[in-house]
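These notes concern the structure reproduced below.
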Amino acid sequence: SRMTQGLPYVRSKVAASLDGRTALKNGKSLWIAGESARLDVQHWRAQSCAIVTGIGTVLADNPSMNVRLENITRQPLRVIVDSKLQTPVDCQMLNANTMQSSPVLIAYAVDAGNKIAALSATGAELVHLPDTNGQVDLLALLLNLAKRGINEVLLEAGQGLNGAFLQAGLINEFIFYYAPKLMGADAKSMFAISELTDMQQVTDLQILDVRQIGSDIRLRA
Numbered sequence: 778s779r780m781t782q783g784l785p786y787v788r789s790k791v792a793a794s795l796d797g798r799t800a801l802k803n804g805k806s807l808w809i810a811g812e813s814a815r816l817d818v819q820h821w822r823a824q825s826c827a828i829v830t831g832i833g834t835v836l837a838d839n840p841s842m843n844v845r846l847e848n849i850t851r852q853p854l855r856v857i858v859d860s861k862l863q864t865p866v867d868c869q870m871l872n873a874n875t876m877q878s879s880p881v882l883i884a885y886a887v888d889a890g891n892k893i894a895a896l897s898a899t900g901a902e903l904v905h906l907p908d909t910n911g912q913v914d915l916l917a918l919l920l921n922l923a924k925r926g927i928n929e930v931l932l933e934a935g936q937g938l939n940g941a942f943l944q945a946g947l948i949n950e951f952i953f954y955y956a957p958k959l960m961g962a963d964a965k966s967m968f969a970i971s972e973l974t975d976m977q978q979v980t981d982l983q984i985l986d987v988r989q990i991g992s993d994i995r996l997r998a
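First residue of the sequence shown? That's 778 in this note's numbering, and the numbers climb one at a time after it.
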């Protein structure tokens, strides 16, 4: 993908209930998938060159986004898509212990709170990639990653960033983990996208693999 298209291969990992919900209306989502599925995700992280998440996930879950497997010799680059530069300087991803082995890149559009200096002081690298709407230009971000030699990207984000990547046509593969739970219509969906009015507008997928991982179902498409 990087050599032929100039873009890394992007996988979107989504953990959801059987009715396709990724978080409750109040944002709580830990844990939808079971322990076996979460361990399986670690292997996808380990083979990726970069893990991309959004500021919404950082603020809601405060994840570390590193690979938690034994005998790991290489940690992927961790990328935060943060249009208004709201990343807390004390968040887990900027923890000094993880920064030593797994650097962080923050892509932003506007420095709304004058935080460039404080975030840079943590050791994070900041890159200014605005689009015409004041959001991070996702295509420009992937081009930037490709120039760094990033071949595979694992997108681990909420419905907002997932939807933005989907609508931009920048996702090559989906990894869905379906947990045997039902969360209801008011819970958050997988992809926040504009309303579709015709079936010709839907995203058609090809199922690559379906298997049970612990109590959950993993579907690749």
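Just so it is clear, CB atoms sit at the ideal spot from N, CA and C, and this is done for glycine as well.
Sub-8 Å separation of Thr850 and Met876 beta-carbons | Counted from its first residue, the sequence shown places residue 850 at position 73. Counted from its first residue, the sequence shown places residue 876 at position 99. No, the pair does not count as a contact, with Cβ atoms beyond the cut-off.
Tell me, please, which residues DSSP counts as bridged to Leu950.
-> Taking the sequence shown and counting its residues from 1, the one referred to as residue 950 is at position 173. Correcting the residue type first, residue 950 is Glu in the shown sequence and not Leu. According to DSSP, Glu950 bridges with Arg788.
Gln936: buried (16+ other C-beta within 10 angstroms of its C-beta) or exposed?
-> Indexing the sequence shown from 1 puts residue 936 at position 159. Buried, because 16 or more other Cβ atoms sit within 10 Å of the Cβ of Gln936.
C-beta contact flag for Tyr954 and Ala810 at 8 Å = For this step, residue 954 is matched to residue 177 along the sequence shown. For this step, residue 810 is matched to residue 33 along the sequence shown. By the CB criterion at 8 Å, Tyr954 and Ala810 fall inside the cutoff.
In angstroms with no decimal places, state the Cα-to-Cα distance between Leu920 and Glu933.
-> Residue mapping note: residue 920 aligns to position 143 of the sequence shown, counting from 1. Residue mapping note: residue 933 aligns to position 156 of the sequence shown, counting from 1. Leu920 and Glu933: Cα-Cα distance of roughly 19 Å.
Any contact of the stretch 809–824 with the stretch 963–973, i.e. 3+ C-beta pairs under 8 Å?
-> The stretch 809–824 is not in contact with the stretch 963–973.
Alpha carbon of Asp908 to alpha carbon of Leu938, nearest angstrom | Here residue 908 is taken as the residue at index 131 of the sequence shown, counted from 1. Here residue 938 is taken as the residue at index 161 of the sequence shown, counted from 1. Roughly 15 Å separates the two Cα atoms.
Please list, in chain order, all residues of the same chain as Gln863 whose beta carbon is under 6 Å from its beta carbon, the five residues on each side excluded.
-> As a working mapping, residue 863 is identified with position 86 in the sequence shown. In chain order, Ile832 place their CB closer than 6 Å to the CB of Gln863, counting only its own chain and leaving out the 5 sequence neighbours on each side.
Nearest neighbour of Asp888, chosen from Leu882, His905 and Ser879 [CA to CA] | The sequence position of residue 888 within the sequence shown is 111, counting from 1. Of the listed residues, the one whose Cα sits closest to Asp888 is His905.
So, helix, strand or coil for Ala917, using DSSP?
-> Position 140 of the sequence shown holds residue 917. Note: Ala917 maps to helix in three-state DSSP.
Coarse secondary structure for Val829, derived from DSSP in three states = Taking the sequence shown and counting its residues from 1, the one referred to as residue 829 is at position 52. For Val829, the three-state secondary structure derived from DSSP is strand.
In terms of residues, what are the limits of the alpha helix (DSSP H) holding Glu812?
-> Taking the sequence shown and counting its residues from 1, one reaches residue 812 at position 35. For Glu812, the uninterrupted alpha helix (DSSP H) segment begins and ends at Glu812 to Gln824.
Throw me the rounded Cβ distance for the Ser879 and Arg855 pair, which I believe falls under 8 Å.
-> Your numbering for residue 879 matches position 102 in the sequence shown. Your numbering for residue 855 matches position 78 in the sequence shown. In this structure, Ser879 and Arg855 form a Cβ contact; the two beta carbons are roughly 6 Å apart against a cut-off of 8 Å.
Do Phe942 and Leu915 have their CB atoms nearer than 8 Å?
-> Start at 1 with the first residue of the sequence shown, and residue 942 comes out as number 165. Start at 1 with the first residue of the sequence shown, and residue 915 comes out as number 138. Here Phe942 is near Leu915, since their CB atoms are less than 8 Å apart.
Go through its chain and collect everything with a Cβ distance to Arg988's Cβ below 6 Å, but skip five positions before and after it.
-> Residue mapping note: residue 988 aligns to position 211 of the sequence shown, counting from 1. Excluding sequence neighbours, Arg988 sits near Arg995.
Measuring CB to CB, does Asp859 end up less than 8 Å from Ile828?
-> What you label residue 859 is simply residue 82 of the sequence shown in a count that begins at 1. What you label residue 828 is simply residue 51 of the sequence shown in a count that begins at 1. No Cβ-Cβ contact shorter than 8 Å links Asp859 with Ile828.
Going straight from the alpha carbon of Asp993 to that of Pro840, what length do you get?
-> As a first step, residue 993 must be located in the sequence shown, where it is residue number 216. As a first step, residue 840 must be located in the sequence shown, where it is residue number 63. Looking at the two C-alpha atoms, the distance is approximately 22 Å.
With 16 as the cutoff for other CB atoms within 10 Å, does Leu985 come out buried or exposed?
-> Start at 1 with the first residue of the sequence shown, and residue 985 comes out as number 208. Counting the other Cβ atoms within 10 Å of the Cβ of Leu985 gives fewer than 16, which makes it exposed.
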